[in-house]
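Quick note: the sequence shown, position 116, residue 116 per UniProt numbering, numbers continuous.
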Amino acid sequence: MAFTIRFRVWDKQEKEFTQKGFSLTLDGKLLKFGQPISNEDNYVVNSFTGLKDKYDKDLFEEDIIEHTVAKGGNLTQHTGVIRYNNEHGAFYLENGPPILQLFSIRKVGNPYENPVLYDLYLKSKS
């Protein structure tokens, strides 16, 4: 079985996601056109979860998602942020279950392209 590692790179200066010209070394160093990047702090790398939402949008770590929870015959909508859990080697909903256990997932945004949405999410958690 072949597994392709995919990721996206947020360029803080250009304020956009890109994958063109970027690669990762085995020890996680970011390269651009095969050359080491001197200002790595200017970039944020998000891993692809291997999953898509119900509208066929790719899900990456740090994406904000809505999902449905069924409890006691009632369906409720919840919002969360996808994080990678090193201890379990899986993507989880922040302070929640693995995203593989969720259903009816809808990607809402991410903290880079939607900072206001992300701030609202954080405020709802406090």
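C-beta: ideal position from N, C-alpha, C; glycine also. Small disclaimer: the values here were computed from a predicted structure and weren't measured.
Cβ pair Leu-96, Ile-64 closer than 8 Å: Here the sequence assigns Gly to residue 96, which means Leu is not the residue at that position. No, the pair does not count as a contact, with Cβ atoms beyond the cut-off.
Among the residues of its own chain, which have a CB less than 7 Å from the CB of Pro-111, if the five just before and after it don't count? Answer for Pro-111: Glu-62, Tyr-118, listed in chain order.
Nearest neighbour of Leu-30, chosen from Leu-102, Thr-49, Gly-50, Phe-7 [CA to CA]: Phe-7
CA nearest to the CA of Ser-47, picked from Lys-12, Gly-72, Ser-23: Ser-23
Whose C-alpha, out of Gly-34, Glu-87, Glu-94, Gly-21, is nearest the C-alpha of Thr-79? Glu-94
Lys-12 vs Tyr-43 beta-carbon contact at 8 Å: yes
Does DSSP put Glu-62 in a helix, in a strand, or in coil? coil
Going by Cα to Cα distance, which pick from Gly-21, Tyr-121, Leu-59 is closest to Phe-91? Leu-59
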